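Read the structure below first, then the notes.
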Amino acid sequence: MTITPREAIAIGASSGAVEAVSAILTRLPEDYPLPIFVVVHVPPDRPSALVDVFQAKSPLNIREAEDKEPIEPSCVYLAPPDYHLMIETEKLISLSSEEPVHYSRPAIDVLFETAADAYGAGLIGIVLTGSNDDGSAGLRCISQLGGATIVQCPNEAASPFMPNSAKAACPEARTMNLEEIAEYLLNQGRTYD
Amino acid sequence: MSDKVEDIELRLLLQAIFERYHYDFRGYSMASIKRRLSQAKSRFQCDTFSQLQGRVLHEADVLASLLSYLTVQVSELFRDPHYFRVLREEVFPHLRTYPSLKIWVAGCGDGEEVYSLSIMLREEGLDDRTMIYGTDVNPQALRKAEAGVYDLDRLPLFTKNHQLAGGKGSLSDYYTAAYGAAVFDKSLRKNVVFSDHSLVSDAVFAEVHLVSCRNVLIYFDRELQNRAIGVMLDSLIRRGFLGLGSKETLRFTQHVAAFDEFSREARVYQKRSDP
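Taken in sequence, the protein lines are chains A and B.
Just so we're aligned: 155 in full-length UniProt numbering is position 155 of the first sequence, and the numbers increase by one with no gaps anywhere.
Just so we're aligned: 233 in full-length UniProt numbering is position 233 of the second sequence, and the numbers increase by one with no gaps anywhere.
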């Protein structure tokens with residue numbers, strides 16, 4: 001059996017995102033080795049408070065992603081309002097204001113598809129609570145390129161539509177509750193030591 | 001550089017477009033270009049980028065459609081109203097001290113930002129002494145910019161932005177609504193020149209007091225960002241202003257030391273006297 005070292009984590013969430021993402025981040029230590037990219041559907045026309053909200057609950061370095069920023073370990077990069085968050089194969093961040101996808105900018109699919117391209121089997125993709133089907137196509141893409149895929153247990157999700165939709169599009173995705181997801185990420189981080 | 005077959009094909013496609021048509025997208029951010037050209041690939045019913053390359057080389061009209069995938073034309077009048085408010089309230093007082101002014105909107109797309117600035121200059125009584133250059137690489141976008149016609153259903157957003165940007169009077173004073181479209185007053189173009197200019201390959205063409213280049217650099221890789229900012233830096237007068245998009249920064253470029261941060265949150269920079 002070969003173990004693929006994981007290199008990065010991509011998380012997508014919509015309605016109910018704050019609690020769900022917080023529950024994961026709060027369980028990861030300060031020196032957690034993998035970078036984490038997060039797309040939460042946020043309104044386009046005002047600054048997002050998510051950096052402060054997550055930072056209050058996590059020892060990781062939480063920041064709103066900037067264009068052409070190099071990707072570092074132990075950092076959480078949030079997609080800014082009104083921009084798509086993309087990952088370049090040189091392991092840099094790009095932002096984009098091209099058309100919304102699933103009526104949303106940022107869109108989870110855009111992050112997942114570009115991160116899958118950049119990290120291949122080194123990526124872990126996670127779809128959490130939400131009430132549309134953004135993230136489904138992206139999760140399938142992650143799986144096709146050899147990455148690990150997880151959906152939040154729909155019974156636990158504040159809004160089960162998004163994890164259900166992702167599971168339908170990517171049946172091989174593992175279903176876990178938030179505590180199990182955090183535990184899984186901790187283990188994946190450890191294989192990297 | 002990625003050695004995946006698909007990425008090799010993508011680089012060859014961009015090389016073909018450059019050699020055949022002299023449009024140079026080779027230094028663009030690949031994640032975005034790849035996504036958009038993948039959409040073009042489906043639209044042209046090609047299985048691979050190599051097939052698309054064959055079509056663009058042999059069918060001249062394919063290029064025009066591809067350009068609309070390769071360049072992103074998504075904007076609004078007074079997009080990010082706070083940016084325009086900072087220009088109006090903090091930058092214009094400096095510009096007002098010059099007897100004549102030149103403003104360059106680099107990557108003007110369909111012209112939304114040029115009209116926004118033109119309206120604001122009129123409101124501030126600076127329109128008669130100001131020349132605006134709107135440049136882009138996409139000829140189709142330049143034609144739209146020249147026409148100044150926008151879908152009427154976008155006007156509620158434009159109107160709200162105008163107010164949030166500190167607009168004086170009503171945006172409707174500047175356009176006529178007809179057949180589902182808003183036609184902006186041609187007097188707004190009196191001192192405007194729309195022209196073809198590439199930040200990738202062209203040089204400085206004028207000395208200007210303000211460059212507004214928003215959500216253009218995000219489509220460039222770091223090397224190309226350095227080149228483009230270099231052209232803008234050389235175009236600016238001493239203590240001239242540079243406005244970027246709300247998530248763009250000079251921090252990761254080689255020109256960071258040539259500018260002072262004038263307004264951090266509005267992403268307005270001022271060229272240093274001794275760059």
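In this text, a Cβ means the ideal position worked out from N, Cα and C, and glycines have one as well.
All values reported here derive from a predicted model rather than from experimental measurement.
Each of Lys57(A), Lys91(A), Arg6(A) was checked against the Cα of Glu72(A), and the nearest Cα belongs to Lys91(A). Nearest CB-CB separation between Asp7(B) and chain A: below the 9 Å threshold. Annotation: Glu261(B) is outside any alpha helix (DSSP H); the continuous beta strand (DSSP E) that includes it extends over 259-263. Contacts between Ile218(B) and chain A, judged by CB atoms closer than 9 Å, involve Asp67, Lys68, Tyr83, Ser94, Leu95, Ser96, Ser97 in chain order.
Contact note: Val74(B) reaches chain A through Ser97, Glu98, Glu99, using a C-beta cutoff of 8 Å and chain order. At the C-beta level, Leu95(A) and Ala8(A) stay beyond 9 Å of one another. In the DSSP assignment, Ala157(A) falls outside any beta strand (DSSP E), carrying neither H nor E. Per DSSP, the beta bridge partners of Asp151(B) are Ala181(B). Close CB contacts of Glu76(B) within its chain, under the 8 Å cut and outside five residues either way in sequence, are with Glu112, Arg154, Leu157, Phe158, Asn161 (chain order). Taken through DSSP and simplified to helix, strand or coil, Phe194(B) comes out as strand.
Across the set Gln270(B), Phe259(B), Ile218(B), Phe18(B), the C-alpha of Ile218(B) shows the shortest separation from the C-alpha of Ser29(B). Approximately 14 Å separates the beta-carbon atoms of Ile108(A) and Gly147(A); this is outside 8 Å, ruling out the contact. Taking one beta carbon from each stretch, the segment 39-54 of chain B and the segment 225-232 of chain B have fewer than 3 pairs nearer than 8 Å; the two do not touch. Scanning Ala23(A), Phe54(A), Lys68(A), Lys167(A) for the CA closest to the CA of Arg222(B) turns up Lys68(A).
Residue-level contact check: Asp134(A) does not touch chain B, since none of the beta carbons of chain B fall below 9 Å from its beta carbon. Separation of the CB atoms of Val51(A) and Ile11(A) is rounded to 15 Å, and the pair is thereby denied contact status at 8 Å.
Across the structure, Arg46(A) and Ser116(B) are spaced so that their CA atoms are roughly 20 Å apart. For Glu19(A), the enclosing alpha helix (DSSP H) begins and ends at 17-25. For Asp234(B), the enclosing alpha helix (DSSP H) starts and ends at 222-235.
Residues of the segment 20-51 of chain B that bring their beta carbon within less than 8 Å of a beta carbon in chain A comprise Ser29, Met30, Ala31, Ser32, Lys34, Arg35, Arg36, in sequence order. Two segments are said to touch when three or more pairs of C-beta atoms, one from each, lie closer than 8 Å; by this definition the segment 103-110 of chain B does not touch the segment 167-179 of chain B. Gln270(B) is bridged by DSSP to Phe241(B), Asp260(B). At a cut-off of 9 Å between beta carbons, Phe252(B) contacts chain A. With 16 or more other CB atoms across the displayed protein chains lying within 10 angstroms of its CB, Thr129(A) is buried. Selection Leu185(A), Leu78(A), Ala173(A) evaluated against Cys153(A) yields Ala173(A) as nearest (Cα-Cα). A distance below 6 Å between beta-carbons, with the five flanking residues on each side excluded, links Glu64(A) to the following residues of its chain, in chain order: Val51, Leu78, Pro80. Here the alpha carbon of Tyr83(B) sits roughly 28 Å from the alpha carbon of Leu67(B).
As the crow flies, the alpha-carbon of Tyr269(B) is around 22 Å from that of Asp82(A).
In this structure, Arg20(B) places its C-beta atom within 9 Å of the C-beta atom of Leu57(B). In terms of Cβ geometry, Ala181(B) and Val149(B) form a close pair [threshold 9 Å]. For Glu88(A), the residues of chain B that pass the 7 Å Cβ criterion are Ser29, Met30, Ala31, in the order they occur in the chain. The C-beta distance from Val114(B) to Val192(B) rounds to 6 Å, short enough to fall under 8 Å. Within the same chain, and ignoring the five residues on either side of Phe25(B) in sequence, the residues whose Cβ sits closer than 7 Å to its Cβ are Leu14, Ile17, Ile33, Leu70. Your pair Glu146(B) and Phe194(B) checks out as a contact, with CB atoms roughly 5 Å apart and the cut at 8 Å. Excluding five sequence positions before and after Asn177(A), the CB atoms of its chain that fall closer than 6 Å to its own CB belong to Cys153, Glu156, given in chain order. For Phe92(B), there is no enclosing beta strand (DSSP E); the enclosing alpha helix (DSSP H) covers residues 92-95.
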